[in-house]
Amino acid sequence: PIMIAAEKAGKTPQQFVADIASGRKPYLDGFHISFDNWHSTDGAENHVLAQQVYLDLKQAGLIETRTIEQFFDPQKAMFLPDRFIKGECPKCGAKDQYGDNCEACGAVYAPTELKNPFSALSGATPVMKSSSHFFLQLSNPRCEAFLKEWTQTAGRLQPEVLNKISEWFGTDEDGRPKLADWDISRDAPYFGIRIPGTQDKYFYVWLDAPVGYLASLKALLGADFDAYVADPNVEQVHFIGKDIVTFHTLFWPAMLKFSGRKVPTNVFVHGHLTVSGEKMSKSRGTGISPLKYLELGLNPEWLRYYICAKLNARVEDLDFNPDDFITRVNSDLVGKYINIASRAAGFIAKKFDGKLGMKWATAEDSFLAGLRVAGSEIAALYESREYGKALRIVMEQADAVNAYVDVNKPWELAKDAANNPKLQEVCSRLLEAFRILTIYLKPVLPMLATQVEQLLNIKPLSWADIGLAMPDQHHVNPFTHLMTRAEPAMLDKLFEPAAEEPAAAATKVEPRSEEHTSELQS
């Protein structure tokens, strides 16, 4: 798909991919995402490593060459990549499905199994032509035995994923292995990595794309790579979307195992992000644009919080609902969390020259005890990927702190100078509680945490700081606005349809190709 899109754009595939990569920067910077290493599956390391993995699999006796019948576009005079063949799913009958897997039912199949196929390039009905291809023998009893053991190891996969994967084991009604051999080659012309010993055969992208995870690490570590991955304490953990489960829980572990490499420790699967109940899809023109979100000036940490507040450890779709988004941002972040600082910091600045009164802050202080104790449960929920539950506990703690505000009414205390010692203690307690709540939210809201660190005049917060307290007479900076409220008009603009750009179709990359790139980078 990249090769074809690059040709339409008048660029080399390498330049086309480089342009995609450079275009990612505003997205990543805008949503406060960074990487230890930014690399490409077309990097030199991946060419070497993918070819070596193949040779190791061949040495293990798991590569077979066969002549197959393959779809050929008579108008374009080329064999068609899977993603450029469409038709009806052979399993569920859904129309307009790609040639490798069904987005409706999740079935994986050969392009030749599609009903009523057509070329996505020309619309022509493809014809069958013979071609020599290479196969990874997943049907080999060694592969099935390993994959049964690997997938069923406790905690490695989510229960829903394990149930789905288990359907691939055993034999069908005709006695054939359900775990069929996997076609790992494609014919020239093809933008990819050439198969050793051939001139016109290239690896199917799903062979070299996951190898790219390791190649990126090798580019980062250099000569230390082999020792690093050999360390028994090093874990390999994947986070993926539910539409690519089979590649990461069957094909990829088998490739690693039988090429003599470490297998994944865990593969964690997310559902899709939907918008008002409809699946986001660039190829189908539904959903929202992250770049438009940023261009409209919407706070990126609103979206980070909203997504995490709805995420759990199960394979469930997460729905972006504009009304719910506004309610959660304004109620949780502004109304509960930011409100604590705004009700306390001003009094500290105006009446006490920015100095806290912290003599009350002993280890036995009951006010902070419950807030600190919650830290272990919140940490455990983060580690188990129950982000929504973790944030609910954080907001429950924020409610408790706001209840303290309502009981002690600092605005009332400020009316009489005789109450100043009490006012300083109350506001200092609130800012200390705000500091701890910020630690709990920092994994989700890193930039907001940085603003809070500047406000409180403290070093960057870490989880170990929960049990500490700011010292007596510590000076905090004057309160500055930390976060605005989300307004419905902002979301209305986000969902306004974009003007049609005729030129865009000529340079559009199929989503599956971008998935490989972004997955590797993450």
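As numbered in the numbering used here, residues 24 to 545 make up the sequence shown, in order.
Beta carbons are placed, not taken as given, at the ideal position from N, Cα and C, and that holds for glycine.
Spatial neighbours of Asp-59 in its chain, beta-carbon cut-off 7 angstroms, leaving aside the 5 residues before and after: Leu-243
DSSP three-state assignment for Ser-142, whether helix, strand or coil: strand
Cutoff 8 angstroms; reference Gly-411; Cβ partners in own chain excluding five residues on either side: Cys-331, Ala-332, Lys-333, Leu-334 and Asn-335
C-beta atoms of Ser-299 and Gly-380 nearer than 7 angstroms: no
Where Asp-96 sits in the DSSP three-state scheme: In the structure shown, Asp-96 sits in a strand (DSSP, three-state: E or B).
Rounded straight-line distance, which links the Cα of Phe-214 to that of Ala-32: Distance between Ala-32 and Phe-214, taken at the CA atoms: about 15 angstroms.
Contact check, Val-268 vs Val-286, beta carbons under 7 angstroms: no
Three CB pairs or more closer than 8 angstroms across the segment 482 to 489 and the segment 452 to 469: yes
Runs of beta strand (DSSP E) lying entirely within the segment 140 to 200, each at least 3 residues, in chain order: 150 to 159
Asn-289 - containing beta strand (DSSP E), residue span: 289 to 293
Trp-434 to Pro-483 span [Cα, whole Å]: 30 angstroms
For His-498, the three-state DSSP class (helix, strand or coil): strand
Test item: CB-CB of Asp-119 and Gln-160 under 7 angstroms: Asp-119 places its beta carbon 7 angstroms or farther from that of Gln-160.
Selection from Leu-319, Pro-233 and Ala-143 that minimises the alpha carbon distance to Leu-514: Closest by alpha carbon: Leu-319.
Which of helix, strand or coil DSSP assigns to Thr-540: With a pLDDT of only 36 at Thr-540, under 50, the local geometry of the prediction cannot be trusted, and the value read off the model is given with reservation. Helix.
Own chain partners of Gln-74 with C-beta closer than 6 angstroms, once the 5 adjacent residues on each side are dropped: Pro-219
Contact between the segment 505 to 514 and the segment 347 to 366 (3+ Cβ pairs under 8 angstroms): yes
Spatially closest choice to Pro-149 from Val-76, Leu-72 and Asn-139, by CA coordinates: Here the closest residue by C-alpha is Asn-139.
Alpha-carbon spacing of Leu-404 relative to His-295, whole angstroms: Spanning the two alpha carbons is a distance of roughly 21 angstroms.
Pairwise C-alpha distance: Pro-276 and Asn-256: 18 angstroms
Collapsed DSSP secondary structure at Met-101 in the structure displayed: Of the three classes helix, strand and coil, the one that applies to Met-101 here is strand, per DSSP.
Per DSSP, cross-strand counterpart(s) of Asn-124: Val-131
Own chain, CB closer than 7 angstroms to Gly-575, minus 5 neighbours either side, in chain order: Residue 575 cannot be examined here, being either before or after the span of the chain that is shown, 24 to 545.
Reduced DSSP category for Arg-209 - H, G, I as helix; E, B as strand; rest coil: strand
Range covered by the alpha helix (DSSP H) that runs through Phe-457: 443 to 464
Alpha helix (DSSP H) segments (min. 4 residues) lying fully within the segment 35 to 79: Listed in chain order, the complete alpha helix (DSSP H) runs (minimum 4 residues) inside the segment 35 to 79 are 36 to 53.
Same chain, Cβ closer than 7 angstroms to Ser-162, neighbours up to 5 away in sequence not counted: Pro-200, Leu-202, Ala-203 and Asp-204
Residue nearest to Gln-37 in terms of C-alpha spacing, selected from Gly-66, Ser-57 and Arg-47: Gly-66
In chain order, each alpha helix (DSSP H) run of at least 4 residues that lies wholly inside the segment 364 to 398: 368 to 375
Strand pairing of Gly-110, partner residues [DSSP]: Gln-120
Collapsed DSSP secondary structure at Leu-137 in the structure displayed: coil
Tyr-251 versus Gly-110 - alpha carbon distance: 45 angstroms
Under 7 angstroms between C-beta atoms of Gln-420 and Leu-391: Leu-391 is positioned such that its CB atom lies no closer than 7 angstroms to that of Gln-420.
For Phe-94 and Met-151, believed in contact at Cβ under 8 angstroms, the rounded distance: 7 angstroms
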